[in-house]
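Numbering (the numbering used here), first residue to last: 11 to 174.
A short write-up of the structure that comes next.
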Amino acid sequence: MKDCTVNSEYLFFDSKNVTLSDIKMTGKYSFQYMENLVIENCTLDTKDAFWHSKNVMVKNSFVKGEYLGWFSDGLTLIDCKIIGTQPLCYCKNLKLINCTMEETDLAFEYSDVEADIIGNVMSVKNPRSGRIILDSVDEVIMEDAAMECSGEVIVRIGGQRCSR
Numbered sequence: 011m012k013d014c015t016v017n018s019e020y021l022f023f024d025s026k027n028v029t030l031s032d033i034k035m036t037g038k039y040s041f042q043y044m045e046n047l048v049i050e051n052c053t054l055d056t057k058d059a060f061w062h063s064k065n066v067m068v069k070n071s072f073v074k075g076e077y078l079g080w081f082s083d084g085l086t087l088i089d090c091k092i093i094g095t096q097p098l099c100y101c102k103n104l105k106l107i108n109c110t111m112e113e114t115d116l117a118f119e120y121s122d123v124e125a126d127i128i129g130n131v132m133s134v135k136n137p138r139s140g141r142i143i144l145d146s147v148d149e150v151i152m153e154d155a156a157m158e159c160s161g162e163v164i165v166r167i168g169g170q171r172c173s174r
């Protein structure tokens, strides 16, 4: 799918091998239970996107919505702007490369994550494993975990890293 505007609920539910380019999408519950999805140069305004998805790559895109990516496996975001509450929780094999996050609180809860984030994140809660490297974070919540959480949050300071 290329060069179009879409307004839909449950867009591509349980689909496989889909590529989207230059799409403007609004709706709810998009890309759930998908496998092998590539999204490039898109604007997505959606709630509950990528739930239970596998092998998804999102590049150079704007992604706005609540509860982004929950229970996904192999979700990779590259050069993306992410906006919304409680994003990227309960994920396996999650990667963020050169992304920005705005208005994102309680991010990464119980996720296995490798992230390099430019700018600030409001709050990170109980990452299960991996490393989240960012410029600043308002709050790191490492308490009341229902499982063992060893994920690191590393704040860059003048080119140096400081763990929290």
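The beta-carbon is built from N, C-alpha and C at its ideal position, and this holds for glycine as well.
Because the structure is a prediction, the values reported are computed rather than measured.
Relative to the C-alpha of residue i, which residue among the options is closest?
i	options	result
Ser139	Ser71, Lys105, Tyr20, Lys91	Lys105
Asp32	Arg166, Val16, Trp61	Val16
Glu113	Asp126, Ile127, Gly94	Gly94
Asp122	Met132, Ser133, Cys99, Asp115	Cys99
Val48	Val66, Phe81, Asp13, Asp145	Val66
Ile143	Cys109, Phe81, Leu85	Cys109
Lys12	Phe23, Asp24, Thr29	Thr29
Ile92	Lys74, Val163, Leu85, Trp80	Lys74
Near residue i, which residues of its chain fall below 8 Å by C-beta distance, leaving aside the five closest residues on each side in sequence?
i	result
Ala156	Tyr120
Met35	Thr15, Val16, Asn17, Ser18, Leu21, Cys52, Thr53, Leu54, Asp55, Thr56
Asp148	Asn130, Val131, Met132, Ser133
If you drop the 5 nearest sequence neighbours on each side, which residues of the same chain put their C-beta closer than 7 Å to that of residue i?
i	result
Asn136	Glu119, Tyr120, Ile151, Met152, Ala155, Cys159
Glu124	Lys105, Gly140, Arg141
Asn51	Ser31, Asp32, Asn70, Ser71
With a CB to CB cut of under 6 Å and the five nearest residues on each side skipped, what residues in its chain are close to residue i?
i	result
Glu19	Gly37, Lys38, Tyr39
Asp83	Lys64, Lys102, Asn103
Tyr77	Asp58, Gln96
Ile88	Lys69, Ile107
Ile167	none
Asn46	Lys26, Asn27, Asn65
Let me know if residue i comes out buried or exposed under the rule of 16 or more other beta-carbons within 10 Å of its beta-carbon.
i	result
Gly231	An answer regarding residue 231 cannot be provided, because it is not within the stretch 11 to 174 covered by the chain.
Thr56	buried
Flag residue i as yes when its Cβ comes closer than 7 Å to any non-hydrogen atom of the ligand FMN, and as no otherwise.
i	result
Lys91	With respect to small molecules bound, the structure shown includes none, and the ligand FMN cannot be examined in it.
Starting from residue i, trace the beta strand (DSSP E) both ways and give me its first and last residue.
i	result
Met132	122-135
Cys109	104-112
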